[in-house]
Amino acid sequence: MAKVSKRYAEASKLVDRSKTYSIEEAVALAKQTGKCGFDASVEVNFRLNVDPRHADQQIRGAMVLPNGTGKTQKVCVVAQGEKEKEAQEAGADFVGGTDIIEQIQKGWMDFDVLIATPDMMGQLGRLGRILGPKGLMPNPKTGTVTMDVAKAVDEVKKGKVTYRVDKEGNINVMIGKLSFEDDKLVENFRAIFSTIAKARPATVKGNYMKNLVLSTTMGPGIRVTIER
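For the record, in the sequence shown the residue sitting at position 173 is 173 according to full-length UniProt numbering, with numbers rising by one throughout.
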């Protein structure tokens, strides 16, 4: 661990904690400070002036980033009949009906995203205690409860990300990998920034975004200038 700490300490010296950087500067700095033995993920953290205890301030949704995330997602679809066939043809990794539900009930969770058709939600809903804490329960707001399973699978494979505000008012989203070209990371950032900005609840007074930080898996956080 000392080796990692030393590398992190050296990387931290390159970041001026007293200033905020333009997104272009922040991405360039992340490339310098985030280097490690693997292709690190690049994430952005939004600190919002919202109170998620109020229903209208529970910001949640999903979007397909312009350049994807660089992460391969395993997709499981719970459906039956023709919808099973559609999911398979769309490239889902696992497809099934009650058999999949039974496997999940027994503890199987070898997938990153779970998609279901509305008619299967009655049975799947009973697994809320298992799926809920892991953020895997399908939800119409994120497009994972749908009859158009082919589209849902395709979007996930292309780089769909979900976002949800936590109880402290934070939203954390992956926007790509360190190996991405700078302009692709910037474009992905601007896409998610625009989406979160448009989700501002009408009841929020004053500054909506309080802090914005770009970071990599092993690198220090870099504060990004919030464009008003």
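The beta-carbon is built from N, C-alpha and C at its ideal position, and this holds for glycine as well. Owing to the predicted nature of the structure, the values given are computational and were not obtained by experimental measurement.
8 Å contact criterion, which residue i and residue j should meet: CB distance rounded
{"i": "residue 178", "j": "residue 44", "result": "Wrong, their Cβ atoms sit about 14 Å apart, outside the cutoff."}
{"i": "residue 223", "j": "residue 21", "result": "7 Å"}
{"i": "residue 203", "j": "residue 57", "result": "7 Å"}
{"i": "residue 218", "j": "residue 40", "result": "6 Å"}
{"i": "residue 145", "j": "residue 118", "result": "6 Å"}
{"i": "residue 28", "j": "residue 216", "result": "Contact flag wrong, Cβ pair sits at about 12 Å."}
{"i": "residue 127", "j": "residue 138", "result": "The pair is not a contact, with the Cβ atoms about 10 Å apart (cut-off 8 Å)."}
{"i": "residue 220", "j": "residue 18", "result": "Wrong, their Cβ atoms sit about 14 Å apart, outside the cutoff."}
Member of the options whose CA lies at the smallest distance from the CA of residue i
{"i": "residue 24", "options": "126, 142, 190", "result": "190"}
{"i": "residue 10", "options": "212, 22, 34", "result": "34"}
{"i": "residue 200", "options": "67, 49, 157", "result": "49"}
{"i": "residue 185", "options": "19, 69, 36", "result": "69"}
{"i": "residue 108", "options": "88, 223, 169, 130", "result": "130"}
{"i": "residue 181", "options": "92, 90, 66", "result": "66"}
{"i": "residue 159", "options": "75, 104, 145", "result": "75"}
{"i": "residue 132", "options": "105, 71, 86", "result": "105"}
{"i": "residue 205", "options": "64, 171, 135, 51", "result": "51"}
{"i": "residue 55", "options": "218, 95, 193, 166", "result": "166"}
{"i": "residue 110", "options": "32, 88, 134", "result": "134"}
{"i": "residue 196", "options": "220, 161, 12, 37", "result": "161"}
{"i": "residue 36", "options": "7, 194, 93, 115", "result": "7"}
Sequence-distant residues of the same chain with beta carbon closer than 6 Å to residue i, five excluded per side
{"i": "residue 1", "result": "Any reading at residue 1 is ruled out, since the residue's pLDDT is 39, under 50, leaving its predicted position unreliable."}
{"i": "residue 143", "result": "62, 152"}
{"i": "residue 226", "result": "209, 212"}
{"i": "residue 73", "result": "112, 113, 156"}
{"i": "residue 86", "result": "149, 150"}
8 Å CB neighbourhood of residue i in its chain, flanking five on each side removed
{"i": "residue 120", "result": "78, 79, 80, 97, 101"}
{"i": "residue 91", "result": "75, 153, 154, 157"}
{"i": "residue 170", "result": "45, 46, 47, 48"}
{"i": "residue 147", "result": "83, 117, 118"}
{"i": "residue 32", "result": "11, 14"}
According to DSSP, residues forming a beta bridge with residue i
{"i": "residue 144", "result": "DSSP output for residue 144 lists no bridge partner at all."}
{"i": "residue 214", "result": "44, 222"}
{"i": "residue 164", "result": "60"}
{"i": "residue 170", "result": "47"}
{"i": "residue 78", "result": "96, 116"}
{"i": "residue 176", "result": "42"}
{"i": "residue 209", "result": "48"}
Same chain, Cβ closer than 7 Å to residue i, neighbours up to 5 away in sequence not counted
{"i": "residue 172", "result": "43, 45"}
{"i": "residue 141", "result": "60, 61"}
{"i": "residue 207", "result": "49"}
{"i": "residue 93", "result": "74, 75, 76, 111"}
Q) Residue ranges of each alpha helix (DSSP H) run of no fewer than 4 residues wholly in the region 22–55, ordered along the chain? A) 23–33
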